[in-house]
Ligand SMILES: Nc1ncnc2c1ncn2[C@@H]1O[C@H](COP(=O)(O)O)[C@@H](O)[C@H]1O
Ligand SMILES: Nc1ncnc2c1ncn2[C@@H]1O[C@H](COP(=O)(O)O)[C@@H](O)[C@H]1O
Ligand SMILES: Nc1ncnc2c1ncn2[C@@H]1O[C@H](COP(=O)(O)O)[C@@H](O)[C@H]1O
Ligand code: NA
Ligand code: NA
Ligand code: NA
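Residue numbers (my numbering), protein chains in the order written: chain Y, 53 to 377; chain V, 53 to 377; chain X, 53 to 377; chain F, 44 to 146; chain S, 44 to 146; chain W, 44 to 146.
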């Protein structure tokens, strides 16, 4: 437990987390500090591209690992199965109707790439290696959760707008395309090609992530301020419990596949994190009746900060305990 | 005097100043070169965060100096007192009515963080150290001038919209939050934490400042072009005289506290510089009758270029003369 | 020929080209990946400034070369003459009316600075030097083609809106001002001044170019998707043939002046490339009757990708064959 | 100056629906429309702002079409099917248009 | 298609006043409004453009509310207190709205 | 609340023409106008979107002027000379304005 507190403290005093905290505080204090929408979008493109490319280069270095396939598969299963657990849990813990519960559940099966990126930073600081292909796993986990949720809804008799257009939108959404595309580019160009662009995609990465987390803090804080009344105690408890369940499921899968500690940790992070970009957009189109005030606030206002601050050191402690290192 | 010319020439031929000049020239020549608003805002967030964090790290390195408190106090007094001088001077030199004169005066008590940043660049080039806490002094000087100006106006019988909302807006405006927040982050993470994000916040800083100054030049030039007729000779003379008075007051305060040369110089720069972000926004809300055409043009079109080009070497020469180094 | 394939393959597997391909693929697959307009504009300002400044610094290093004048002159002649050839060719290969043909022709006399920048990257990878002043040549080639096209149109009896305002807009358009301005700044500050801002303008340059090419790919792909029906086979053939003619003319000019291989190559690239920023904007104002769907799609959707992928290695092979190196 | 009577329809709808709405307008042969960004607002589903947002889910756009009066009903019917279940608002105003061939 | 009569109020006001205006609208129970960015303009206080601006002071926004006709006067009165001393312009237009429950 | 009758003219035109239109409005003594960005659209010349665009050529803007009814014809005539050959659309609507001195 000592290790956890040291880790948690180290994590909490990193520039990344402090930037996030600054953003939340500024928003709660109703400062007029705002981040231009275009800058936030540009930063997210940069981060996705950089993380994808680094993953691809690492795979090019170490060769395609036999575990790549099984881990991607495990990720898909996790993403599809976690919404079912989340849905059950919401039925027990909250009074959400079927449609809203399914929409929330979709978010928890899918992933938050920023949480993943913050996780890789924590790994780096701890000097633990992980598999480059975990980026591909992250990309693979974005979409299946959406399908599970839509199935839950249609099973309940409600209508969803699930046409071929929506299929394409979900599978080719911006962050999947960037992650997978940059991953492929990284695999093709390898370490040598990466050298050319390293001072843009690697060296300034963490600093850029600081500013992005500042913005995420502003958005999360604003969401919290506006959502008084929306977040019942039951929902909040769910927002803290579900990531731990997701992380547990990730740990289990990682152990079964025999991943190294770093990759177990990242799979836990993916399981624990909740989407706030791809899934909300899909829900707006497919299930407009679901209230974005609930799922966005829960994912961005409760689960994201929890994962970032306490979750990451917790999961790392656990991954180390079971995976060694 | 020779030293001044050498300094001035060196300053004028730095990429920073030349970028500003390019922007002014492009705007005056009515080029269609424009900087997207979102990019300008993003750059300013980056610059404020970087400068704040560097200040905090430097304080973490050297320990909290006893002079921190007295210098912050001196800054607050300067910021509150300079508008009174400016207001008197405007009464003598121009025909502005009370409300407009007070609004202009507020700008000259407050500060321009870009001028401050350019000042730190000049110091670096000259190899002179300064106190990291000067960033906190800059933050402390943003707001008091606004209160002085509102007091001047209400004493004259005019109404200002001074409610608790405005108080919060002034004290928690974006640039104060960023400066103070990043300063605090820098203090917590220290040199070691900074190392992680240095290649984003430190190495590319000057280059990013070039592009920002290009944009400032474009905005200042456009303001000048549109303001034909607004700027009377009296106003222009004020825009050149007032920064010198402010710098003198800064020098005096610095000497009294016993600051080292570099910090005296920065206090002069803060005294000399005029706000063009925080104060104008506060004036729009609190004193809508005041004409933004006057205070924005004067601050951004006259005083900012003067400080950047001639003021900085002048103040540095003076600071060296009185402070040594 | 072997050399060409090796070069082409090397070029095609660089992160730059792959990023462009990713963008095109995402757009054709109708992914919702978008680049904010403000970010694209900010990136283009950065690239123009950086390339201009590097050119200026290089000239400051090597002294003003006697060939600078003759090469700029050759560039102007190329830019003015190529539209006449293009116009004739369009008359033979397509059924465009006079106004549209002239508008298209203007694009091919003018230049694409991104193609030029990609060319300098290819040179660097190949370890071949070129003259720093080629940036000035690029700037000089932006505008003359527009005048040729307007002359072609007015000779045909159609009206163009050619007033002094338009003159200024063409000669002081954003990219010319940035290129020439940054070139001048580079010349003034030299290598020493550049050192200060190198970690912003030099080191991250290629990575930033990747993201910009990703955006160009998105825009080009979207243009292609929307233009079904607009691009006849004749137009497409023109879009592939004309750059080769332009490159040939550039090679000839380079040989006559006696430029080194690297600079011959860059002059070929300038001759081959087609404008998609400055000229379209001028055409909207001066010749509103011309259809932007035709000239934008042809320049950005056909010629730009061709130059980037196959053209650059082809031109480099040729430049080496005639210039040595 | 000669002007022509027309209807100006403004549809404020969630950004993720923009593509679909465009497709529906084009299917209904409404080829003239403009899209304006909306940076914030408030409605029954609460108040929002685009500032700092990365995803589309939070934002809205305003699609404006100027059409001939006799085509209004057809347009509203096609649009209704899309917007019915979605948040947002549809307004119709009378206007005069300068050039008849433009709409 | 059944539509309902309404009023469309457009308030163009300085960006630093956006928050206050929102608060006033909400206090007056006007919970439906949209905010559109304004990137430039001209008025008695001269012409301006948002390009390259860092601060809010230079910019403006356009707040659009669609409300029931009987609520117009109340809205205008609350708004008037805010905009009275400020630059900008308030216009009111008649419109038809597709769904009555939306405003 | 006392209001005044006015006309609201909205001119949607290519971004590269913004400057010229502003100059013409100012020459015609129309000093009050606001410019709203347009991020996409569709017309006879096809559909477009501002996303990721670097140049101005692809984009459009919407210039809105509120003017006294008696000045409408003069305005339309000056504007017509500019927009005649250009793509875009000009609409005129009736509106009420809160403060007469503002337009
Ligand atoms: N009465 C209204 N006037 C203007 N905009 C509205 C109105 N009602 C809703 N909106 C816009 O539509 C969005 C969603 O509205 P709602 O579905 O009521 O939550 C709001 O956030 C506003 O941007
Ligand atoms: N008549 C008008 N029509 C449209 N917008 C206007 C009008 N008058 C003022 N505005 C807008 O309101 C801003 C401030 O106007 P003013 O208070 O007259 O300086 C202008 O810059 C325009 O953006
Ligand atoms: N009927 C219309 N309603 C609204 N906007 C239009 C209309 N027609 C044209 N536009 C706008 O004007 C641009 C150019 O139109 P066009 O000249 O018909 O190609 C379009 O892309 C739209 O942004
Ligand atoms: Na998850
Ligand atoms: Na000052
Ligand atoms: Na060319």
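Built from N, CA and C at the ideal position, the CB exists for glycine as well.
Residue i, buried or exposed, once every other Cβ within 10 Å from all chains shown has been counted against 16
i: residue 112 of chain S; result: exposed
i: residue 89 of chain X; result: buried
i: residue 45 of chain F; result: exposed
i: residue 57 of chain V; result: exposed
i: residue 114 of chain X; result: exposed
i: residue 216 of chain Y; result: exposed
i: residue 314 of chain V; result: buried
i: residue 255 of chain V; result: buried
i: residue 336 of chain Y; result: buried
i: residue 267 of chain X; result: buried
i: residue 206 of chain X; result: exposed
i: residue 91 of chain S; result: buried
i: residue 250 of chain Y; result: buried
i: residue 248 of chain V; result: buried
i: residue 225 of chain V; result: buried
Pairwise C-alpha distance: residue j and residue i
i: residue 321 of chain V; j: residue 83 of chain V; result: 31 Å
i: residue 351 of chain X; j: residue 333 of chain Y; result: 34 Å
i: residue 274 of chain V; j: residue 76 of chain V; result: 8 Å
i: residue 259 of chain Y; j: residue 86 of chain X; result: 23 Å
i: residue 221 of chain V; j: residue 63 of chain S; result: 11 Å
i: residue 110 of chain X; j: residue 167 of chain X; result: 20 Å
i: residue 312 of chain X; j: residue 164 of chain Y; result: 52 Å
i: residue 302 of chain V; j: residue 319 of chain V; result: 5 Å
i: residue 345 of chain X; j: residue 55 of chain W; result: 19 Å
i: residue 150 of chain Y; j: residue 286 of chain Y; result: 16 Å
i: residue 60 of chain F; j: residue 119 of chain F; result: 16 Å
Under 9 Å between C-beta atoms of residue i and residue j
i: residue 317 of chain Y; j: residue 182 of chain Y; result: yes
i: residue 140 of chain S; j: residue 133 of chain S; result: no
i: residue 192 of chain X; j: residue 127 of chain X; result: yes
i: residue 253 of chain X; j: residue 138 of chain X; result: no
i: residue 83 of chain W; j: residue 145 of chain F; result: no
i: residue 177 of chain Y; j: residue 71 of chain Y; result: no
i: residue 78 of chain Y; j: residue 269 of chain Y; result: yes
i: residue 197 of chain X; j: residue 325 of chain X; result: no
i: residue 135 of chain W; j: residue 65 of chain W; result: no
i: residue 200 of chain X; j: residue 295 of chain X; result: no
i: residue 278 of chain V; j: residue 355 of chain V; result: no
Bridge partner(s) assigned by DSSP for residue i
i: residue 53 of chain S; result: S:107, S:134
i: residue 122 of chain X; result: DSSP output for residue 122 of chain X lists no bridge partner at all.
i: residue 48 of chain S; result: S:139
i: residue 81 of chain W; result: W:103
Ligand 8 heavy atom lying under 8 Å from the CB of residue i
i: residue 110 of chain S; result: As for ligand 8, it is missing from this structure, which binds only ligand 1, ligand 2, ligand 3, ligand 4, ligand 5 and ligand 6.
Practice item. Would you list, in chain order, the members of the region 335-361 of chain V that have their beta-carbon closer than 8 Å to a beta-carbon of chain S? Key: Going along the region 335-361 of chain V in chain order, one finds 335, 336, 337, 340, 341, 343, 344, 345, 348 with a Cβ nearer than 8 Å to chain S.
Practice item. With 8 Å as the limit, tell me which residues of the region 107-140 of chain W have their beta carbon closer than that to any beta carbon of chain X; keep them in chain order. Key: 128, 129, 130
Exercise for review: Give the residues from the region 64-80 of chain W that approach chain S closer than 8 Å (Cβ to any Cβ), ordered along the chain.
Suggested key: 65, 68, 69, 74, 75, 76, 77, 78, 79, 80
Exercise for review: With 8 Å as the limit, tell me which residues of the region 75-93 of chain V have their beta carbon closer than that to any beta carbon of chain X; keep them in chain order.
Suggested key: Flagged, chain order: 77, 78, 81, 82, 83, 84, 85, 86, 87, 88, 89, 90, 91.
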